[in-house]
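Colleague: Top to bottom, those sequences are chains A, B, C and D. Residues 1 to 139, numbered by our numbering, are exactly what the first sequence covers, in order. Residues 1 to 139, numbered by our numbering, are exactly what the second sequence covers, in order. Residues 1 to 139, numbered by our numbering, are exactly what the third sequence covers, in order. Residues 1 to 139, numbered by our numbering, are exactly what the fourth sequence covers, in order. Think of the CB as a built atom: it goes at the ideal place given N, C-alpha and C, for glycine as much as any other residue. As the structure is a prediction and not an experimental result, all values here were calculated from the model.
There are 4 protein chains.
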Amino acid sequence: MPRVHIHPVHVEFGDCDPAQIAYFPNFFRWYDAASRHFFESCGVPPWRELERSVGIIGTPVVEANSTFVRPTSYGDSVEVHTWVDEWREKSFVMKYRLMRGGVLLAEGRDVRIFAIRHPDDPSRIKAVPVPEDIRRLCE
Amino acid sequence: MPRVHIHPVHVEFGDCDPAQIAYFPNFFRWYDAASRHFFESCGVPPWRELERSVGIIGTPVVEANSTFVRPTSYGDSVEVHTWVDEWREKSFVMKYRLMRGGVLLAEGRDVRIFAIRHPDDPSRIKAVPVPEDIRRLCE
Amino acid sequence: MPRVHIHPVHVEFGDCDPAQIAYFPNFFRWYDAASRHFFESCGVPPWRELERSVGIIGTPVVEANSTFVRPTSYGDSVEVHTWVDEWREKSFVMKYRLMRGGVLLAEGRDVRIFAIRHPDDPSRIKAVPVPEDIRRLCE
Amino acid sequence: MPRVHIHPVHVEFGDCDPAQIAYFPNFFRWYDAASRHFFESCGVPPWRELERSVGIIGTPVVEANSTFVRPTSYGDSVEVHTWVDEWREKSFVMKYRLMRGGVLLAEGRDVRIFAIRHPDDPSRIKAVPVPEDIRRLCE
Numbered sequence: 001m002p003r004v005h006i007h008p009v010h011v012e013f014g015d016c017d018p019a020q021i022a023y024f025p026n027f028f029r030w031y032d033a034a035s036r037h038f039f040e041s042c043g044v045p046p047w048r049e050l051e052r053s054v055g056i057i058g059t060p061v062v063e064a065n066s067t068f069v070r071p072t073s074y075g076d077s078v079e080v081h082t083w084v085d086e087w088r089e090k091s092f093v094m095k096y097r098l099m100r101g102g103v104l105l106a107e108g109r110d111v112r113i114f115a116i117r118h119p120d121d122p123s124r125i126k127a128v129p130v131p132e133d134i135r136r137l138c139e
Numbered sequence: 001m002p003r004v005h006i007h008p009v010h011v012e013f014g015d016c017d018p019a020q021i022a023y024f025p026n027f028f029r030w031y032d033a034a035s036r037h038f039f040e041s042c043g044v045p046p047w048r049e050l051e052r053s054v055g056i057i058g059t060p061v062v063e064a065n066s067t068f069v070r071p072t073s074y075g076d077s078v079e080v081h082t083w084v085d086e087w088r089e090k091s092f093v094m095k096y097r098l099m100r101g102g103v104l105l106a107e108g109r110d111v112r113i114f115a116i117r118h119p120d121d122p123s124r125i126k127a128v129p130v131p132e133d134i135r136r137l138c139e
Numbered sequence: 001m002p003r004v005h006i007h008p009v010h011v012e013f014g015d016c017d018p019a020q021i022a023y024f025p026n027f028f029r030w031y032d033a034a035s036r037h038f039f040e041s042c043g044v045p046p047w048r049e050l051e052r053s054v055g056i057i058g059t060p061v062v063e064a065n066s067t068f069v070r071p072t073s074y075g076d077s078v079e080v081h082t083w084v085d086e087w088r089e090k091s092f093v094m095k096y097r098l099m100r101g102g103v104l105l106a107e108g109r110d111v112r113i114f115a116i117r118h119p120d121d122p123s124r125i126k127a128v129p130v131p132e133d134i135r136r137l138c139e
Numbered sequence: 001m002p003r004v005h006i007h008p009v010h011v012e013f014g015d016c017d018p019a020q021i022a023y024f025p026n027f028f029r030w031y032d033a034a035s036r037h038f039f040e041s042c043g044v045p046p047w048r049e050l051e052r053s054v055g056i057i058g059t060p061v062v063e064a065n066s067t068f069v070r071p072t073s074y075g076d077s078v079e080v081h082t083w084v085d086e087w088r089e090k091s092f093v094m095k096y097r098l099m100r101g102g103v104l105l106a107e108g109r110d111v112r113i114f115a116i117r118h119p120d121d122p123s124r125i126k127a128v129p130v131p132e133d134i135r136r137l138c139e
């Protein structure tokens, strides 16, 4: 069983669109926040510290998906349940379930890399192998 | 050949994250803006008018995905190339290619419905068949 | 002494900009969320219910200010302390103090109205006198 | 007469809130984008280049305010008219007028500094005197 982190989210007025429901790109913001909180809960230092120590600037997303099952709106308290579904050599897969009480609102999945700045061009980024020590903290 | 709409985007400082690159949920904002501009360019009235006339509140996304091929940052002028890839009975599929000059930065795809408010519960939404007149405008 | 509401905020990676600090328009998002939570904590129904019952669509901001004293970044847990500083006939003034522990990060102030849709033009909004029952709930 | 830059903005569905109007923190995003485009139009290099050459990470806002005169909604094409209203020794004042055709929608003003990372603590920032060469480019 993978380690699961639960990240609470308050859906705000400003997260909602003229259809009165949470605007779907915000679900990806919530998944992304949940992903960082997952690493934080595992004891991984903030990216800004890792950038200084080992050059890792974060875990950029190379692919992101979500299905949207039921809408949510401001005033709702929801939770993102998050875990690493698969560790690969140079990437990993995270999954997300957005829940309101026991009701599933949305399911997400993304593929992420650990990235450093490209040595030849700081405007580009470059994947590095998944650091063994970080992986161990998260299992 | 489907009708393609090209939507220009200026990547702004506030669209970028501490890794100095555009934050990925913003790609979905850009795809979504491109989708609305696609309909606007086809002559479809704003959702707020359709809500008053036929009850349609917009085209909520039921599934979204994107791959992120190359990063972009503030100062970049990019374009979203958008088209309807498939019309189904109660949904449709849009595709997006985010380009900087001739370079592909990201590819998106989403599945959308035409929605009205649920007659029994205004906090929920309900798919209606793709309106024939809207589809004709967009082909 | 006015009633003060304390609204907790987790500063996320996606709230921060390439300078590695929270992007200042997000402070206004947090103030606005704190404002709505203030009303919720006072027992005022959600705007979507008030829209149906008395036509009030919310408390649009007619003026907003903030000073930014110290930056904050992702991983910080902060709090917005919020109160109504002044009730006027057709508007009211809210104040906000963004705190990290005992340290002041920013101070905000906005002027808001209670608004209904304009009877002649639904794309415009119109101030109504501050509802006496809402004001009583909030004092 | 100060140099004025005009920055076009398309108001998008995702910029609007459940009251069907543009969510006010987005006005500050637009002002901020207009500010950067102002500097770009004057020939000032991107902050990411200045950070590498002289350590300047941008022009953080130390105070921001706006009045909101008329709402705007998705589908609107608006413009931000921007200029430097005052140069001080260690800060400067920018003004913004958000226009739809000849109609004023909002007026903004902010106070900004040129900032470097604090030499003793990279999580803090520090104002430097307004660089003479940048000021000359902008007058």
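What do you get for valine 103 of chain C, buried or exposed, if any count of 16 or more other CB atoms within 10 angstroms of its CB means buried?
Modeller: Under this definition valine 103 of chain C is an exposed residue.
Colleague: Kindly indicate if chain D contains any beta-carbon less than 9 Å away from that of proline 119 of chain C.
Modeller: Chain D, which has no Cβ nearer than 9 Å to the Cβ of proline 119 of chain C, makes this no.
Colleague: What residues in its chain sit with their C-beta under 7 Å from that of aspartate 76 of chain A, if we drop five residues either side in the sequence?
Modeller: Excluding sequence neighbours, aspartate 76 of chain A sits near Val11 and Arg100.
Colleague: Just to confirm, are valine 130 of chain B and arginine 3 of chain B a CB contact at a threshold of 9 Å?
Modeller: No; because the gap between Cβ atoms is not below 9 Å, this pair is not in contact.
Colleague: Go ahead and pull the three-state DSSP assignment for isoleucine 134 of chain B.
Modeller: Helix.
Colleague: So, with DSSP's three-state summary, where would you put glycine 58 of chain D?
Modeller: Here glycine 58 of chain D sits in strand by DSSP.
Colleague: Sorted by chain position, which residues of the same chain lie with C-beta nearer than 6 Å to arginine 52 of chain B's C-beta, five sequence neighbours on each side aside?
Modeller: So the list is empty, once near-sequence residues are dropped.
Colleague: Does the segment 102-116 of chain B come close enough to the segment 50-69 of chain C that 3 or more CB-CB pairs lie under 8 Å?
Modeller: Touching, no, given that fewer than three Cβ pairs across the two stretches are closer than 8 Å.
Colleague: What do you reckon, are the CB atoms on tyrosine 23 of chain C and serine 66 of chain C nearer than 9 Å?
Modeller: Not a contact, by the Cβ cut-off of 9 Å.
Colleague: Under 8 Å: do the segment 85-97 of chain A and the segment 31-41 of chain A share three or more Cβ pairs, one atom per stretch?
Modeller: A contact exists between the segment 85-97 of chain A and the segment 31-41 of chain A.
Colleague: May I have a chain-ordered list of the beta strand (DSSP E) segments no shorter than 3 residues that lie completely inside the segment 35-96 of chain A?
Modeller: 56-58, 61-68 and 77-87, all fully within the segment 35-96 of chain A.
Colleague: With a threshold of 9 Å between beta-carbons, can alanine 33 of chain C be considered close to chain A, or not?
Modeller: Output row for alanine 33 of chain C: interface = yes.
Colleague: For leucine 43 of chain D, count neighbouring C-beta atoms within 10 Å of its own C-beta (all shown protein chains included) and say buried if the count is 16 or more, exposed if not.
Modeller: The sequence given here has glycine at residue 43 of chain D, not leucine. Result: exposed.
Colleague: What span of residues does the beta strand (DSSP E) with proline 122 of chain D cover, start to end?
Modeller: 121-128 is the span of the beta strand (DSSP E), which, as asked, contains proline 122 of chain D.
Colleague: Can you give the Cα-Cα distance for cysteine 138 of chain A and threonine 82 of chain A, rounded to whole angstroms?
Modeller: Using only the alpha carbons, I get a separation of about 12 Å.
Colleague: From which residue to which residue does the beta strand (DSSP E) around proline 8 of chain B run?
Modeller: Residues 5-10.
Colleague: Can you find a CB in chain A that lies within less than 9 Å of the CB of threonine 67 of chain B?
Modeller: Closer than 9 Å to some Cβ of chain A, the Cβ of threonine 67 of chain B qualifies, so yes.
Colleague: Which residues, in chain order, does the segment 103-135 of chain D contribute to contact with chain C at a C-beta distance below 9 Å?
Modeller: Cβ contacts with chain C come from Asp110, Val111, Ala115, Arg117, Pro122, Ser123, Arg124 and Ile125.
Colleague: Do you know how far the Cα of alanine 106 of chain B is from the Cα of lysine 126 of chain A?
Modeller: Approximately 16 Å between the Cα atoms of the pair.
Colleague: Strictly below 9 Å CB to CB, what residues from chain D border cysteine 138 of chain A?
Modeller: Here the premise fails: no neighbours, minimum Cβ distance about 25 Å.
Colleague: Cβ closer than 7 Å: which chain A residues qualify as neighbours of glycine 14 of chain B?
Modeller: Neighbours of glycine 14 of chain B on chain A: none; closest Cβ ~14 Å, over 7 Å.
Colleague: Nearest to lysine 90 of chain A by alpha carbon, out of A:Val78, A:Val61 and A:Pro71?
Modeller: For lysine 90 of chain A, the nearest C-alpha among the options comes from A:Val61.
Colleague: Taking arginine 145 of chain B as the query, report the chain A residues whose CB atoms sit under 9 Å from its CB, ordered along the chain.
Modeller: Not covered by the structure: residue 145 of chain B. The range shown for chain B is 1 to 139.
Colleague: Mind checking who alanine 22 of chain B pairs with in its DSSP beta bridge?
Modeller: Its beta-bridge partners are B:Cys16.
Colleague: Would you kindly check if the distance between the Cβ of arginine 135 of chain C and the Cβ of isoleucine 57 of chain C is under 9 Å?
Modeller: No, the pair does not count as a contact, with Cβ atoms beyond the cut-off.
Colleague: Taking the alpha carbon of aspartate 133 of chain C as the reference point, which residue from C:Pro25, C:Ile6 and C:Pro45 has its own alpha carbon closest?
Modeller: Closest by alpha carbon: C:Pro45.
Colleague: What number of angstroms, rounded off, separates the C-alpha of aspartate 120 of chain C from the C-alpha of tyrosine 74 of chain B?
Modeller: Aspartate 120 of chain C and tyrosine 74 of chain B: Cα-Cα distance of roughly 41 Å.
Colleague: With 16 as the cutoff for other CB atoms within 10 Å, does tryptophan 47 of chain A come out buried or exposed?
Modeller: Burial call: buried.
Colleague: Verify the CB distance criterion: does serine 73 of chain D have a CB-CB separation below 9 Å to chain C?
Modeller: Yes, contact with chain C.
Colleague: Got a sec, what are the start and stop residues for the beta strand (DSSP E) glutamate 107 of chain A sits in?
Modeller: Per DSSP, glutamate 107 of chain A belongs to the beta strand (DSSP E) from 103-112.
Colleague: Which residues share a DSSP beta bridge with alanine 115 of chain A?
Modeller: Paired residues: A:Gly58 and A:Ala127.
Colleague: With 9 Å as the threshold, decide whether the Cβ of isoleucine 6 of chain A is near any Cβ in chain B.
Modeller: Answer no: the Cβ-Cβ gap between isoleucine 6 of chain A and chain B never drops below 9 Å.
Colleague: Apart from the five residues just before and just after glutamate 79 of chain C, which ones in its own chain have a Cβ nearer than 6 Å to its Cβ?
Modeller: Closer than 6 Å at Cβ, skipping near neighbours: Ile6, Pro8 and Met99.
Colleague: List the residues that DSSP assigns as beta-bridge partners of arginine 29 of chain B.
Modeller: Arginine 29 of chain B pairs with nothing; no bridge assigned.
Colleague: Assign arginine 29 of chain B to buried or exposed, taking buried as 16 or more other Cβ atoms, counted over all protein chains shown, within 10 Å of its Cβ.
Modeller: Buried, since its Cβ has 16 or more Cβ neighbours within 10 Å.
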